[in-house]
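Under the working numbering, the sequence shown has 305 at position 224, and the numbering climbs by one with no breaks.
All residues carry an ideal CB built from backbone N, CA and C; glycine is no exception.
Owing to the predicted nature of the structure, the values given are computational and were not obtained by experimental measurement.
Input: a single structure, listed below in structure tokens.
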Amino acid sequence: MENKFKWQLEMKLPPYANAFAHKNALLLLGSCFSEEIGQRLHAFKFNALYNPCGIVYDALSINHHLQKWLQPNSENDQLCFEHNGIFHHPHYHSSLSSGGKEQLLLSLRDALQKAHQQLKQASHLIITLGTSYYYVRQSDGLAVANCHKLPAAQFEKKFFKASDSIALFQNTFKELKKVNPKLNIIITVSPVRHIKDGVVENNRSKAHLLETAHTLQDALSYVHYFPAYELVMDVLRDYRFYKEDLVHPNHMAADFVFQQFLNQCLLKEDWDLINEIEKINQALQHKAFFPESEAHKIFKHELMLKITELQQKYPHLKF
82 MENKFKWQLE
92 MKLPPYANAF
102 AHKNALLLLG
112 SCFSEEIGQR
122 LHAFKFNALY
132 NPCGIVYDAL
142 SINHHLQKWL
152 QPNSENDQLC
162 FEHNGIFHHP
172 HYHSSLSSGG
182 KEQLLLSLRD
192 ALQKAHQQLK
202 QASHLIITLG
212 TSYYYVRQSD
222 GLAVANCHKL
232 PAAQFEKKFF
242 KASDSIALFQ
252 NTFKELKKVN
262 PKLNIIITVS
272 PVRHIKDGVV
282 ENNRSKAHLL
292 ETAHTLQDAL
302 SYVHYFPAYE
312 LVMDVLRDYR
322 FYKEDLVHPN
332 HMAADFVFQQ
342 FLNQCLLKED
352 WDLINEIEKI
362 NQALQHKAFF
372 PESEAHKIFK
382 HELMLKITEL
392 QQKYPHLKF
């Protein structure tokens, strides 16, 4: 009897015309979902730098980071502030915060320089938009990327419309192309729900981000939209693919999206390399019950031979 039941929507992604090679430099920026993709790119030995200045969620702050990557020595040092013995910068994530102002500035300058250097050589910039909401300080109207756990009363929540973010990104993308004419840009929208904003408000927020991404893709030939949002929300569409908070996609979901990302955006001739790296990664994670045994010594020797052979075939590869 013919199977008439379908338990999952199918979503076939056409090959990306400007696909990247494994040897290309990649630069990722955006929400925590870009961290998930960046970590997996690292695991597969891509030259990928992700969120060098920390996680950032809203379009306005993402654009600010891009502008500072263009001019890494132009950040305003006077914006640094101390709270409970820790120095922060309102435009950057707390992962850069420090117990001293000079150390904070040193970390920030180092991160901006790394991003600038990667930007100049990257074949692709991958941006993950997280939310249309952003916060400004009540005292001076400064838009911040991170509130650093300061009292909520010090900030005002605002909404950044698609029309504003489109105009902002169009100008910035053109500046990026001047620094690196070969740069391609891939935009995704994070499938992470910002439930603290409210369910209805989150959906409105995502709608504006989707409009931003598609309008930029339509307007600029070097911009491509990758449907990470739709893959989770419409293809997986099940709470078993979420963590216990029912907000963040779990490891299985991130693996699925990453696989689809490589299937669409990686050059086909490098798929065999990815498969070989995956086999080596699995072997490297093997834990021996008897590490001093002759069998394990042979296993390690054969594994090192495989790695050496692969590096000889692909000189850019680093383990």
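The Cβ-Cβ distance between residue 384 and residue 361 falls below 9 Å. Non-local beta-carbon contacts of residue 144 in its own chain, meaning distances under 8 Å to residues more than five positions away in sequence, involve 246, 249, 250, 253 in chain order.
Leaving aside the five residues that flank residue 214 on each side, the residues in its chain whose CB is nearer than 8 Å to its CB run, in chain order, 139, 238, 239, 240, 241, 275, 278, 282, 286. In this structure, the CA atom of residue 92 is about 35 Å from the CA atom of residue 388. Contact between the stretch 163-171 and the stretch 227-235 is present: three or more C-beta pairs spanning the two stretches fall below 8 Å. Taking 9 Å as the cut-off, the Cβ atoms of residue 399 and residue 393 do not count as close. Residue 196 is not a Cβ neighbour of residue 347, given a cutoff of 9 Å. Of the candidates 104, 359, 90, the residue whose Cα lies closest to the Cα of residue 312 is 90. Residue 181 is classed as exposed because its beta carbon has fewer than 16 other beta carbons within 10 Å across all chains shown. Here residue 200 is near residue 151, since their CB atoms are less than 9 Å apart. Out of 291, 322, 232, 206, the CA that lies nearest to the CA of residue 218 is found in 232.
By the CB criterion at 9 Å, residue 205 and residue 243 fall outside the cutoff. Contact between residue 294 and residue 303 does not hold, since the beta-carbon distance rounds to 14 Å and is not under 8 Å.
Looking at the DSSP output, residue 239 bridges to 215.
By the Cβ test, the stretch 262-275 is in contact with the stretch 323-342, since at least three Cβ pairs between them sit closer than 8 Å.
Take residue 142, set aside five residues on each side of it, and the residues of its chain with a beta-carbon closer than 6 Å to its own are 226, in chain order. By the Cβ-count criterion, residue 127 is buried, with 16 or more other Cβ atoms from all chains shown falling within 10 Å of its own Cβ. The three-state reading of DSSP puts residue 164 in strand, counting E and B together.
Going by DSSP, residue 273 is part of no beta strand (DSSP E) at all; its letter is neither H nor E. Comparing alpha-carbon positions, the option among 365, 208, 341, 148 lying closest to residue 132 turns out to be 208. Beta-bridge pairing by DSSP links residue 101 to 347. In this structure, 395 is the residue among 223, 255, 374, 395 with its C-alpha nearest to the C-alpha of residue 351.
Counting along the chain, residue 204 sits inside the beta strand (DSSP E) bounded by residues 203-210.
Rounded to the nearest angstrom, the gap between the Cα atoms of residue 358 and residue 367 is 14 Å. Only buried fits residue 338, as 16 or more other CB atoms lie within 10 angstroms of its CB.
The residues 377, in chain order, have a CB closer than 7 Å to that of residue 371 in the same chain once the five nearest residues on each side in sequence are set aside. Measuring C-alpha to C-alpha distances from residue 135 to each of 308, 354, 112, 324 identifies 112 as the nearest. Rounded to whole angstroms, the separation of the alpha carbons of residue 222 and residue 266 is 31 Å. Setting aside the 5 residues that flank it on each side, residue 185 is surrounded in the same chain by 161, 168, 169, 170, 177, 178, 179, each with a C-beta closer than 8 Å to its C-beta; the list follows chain order. Residue 163 counts as exposed, since fewer than 16 other C-beta atoms from the protein chains shown sit within 10 angstroms of its C-beta.
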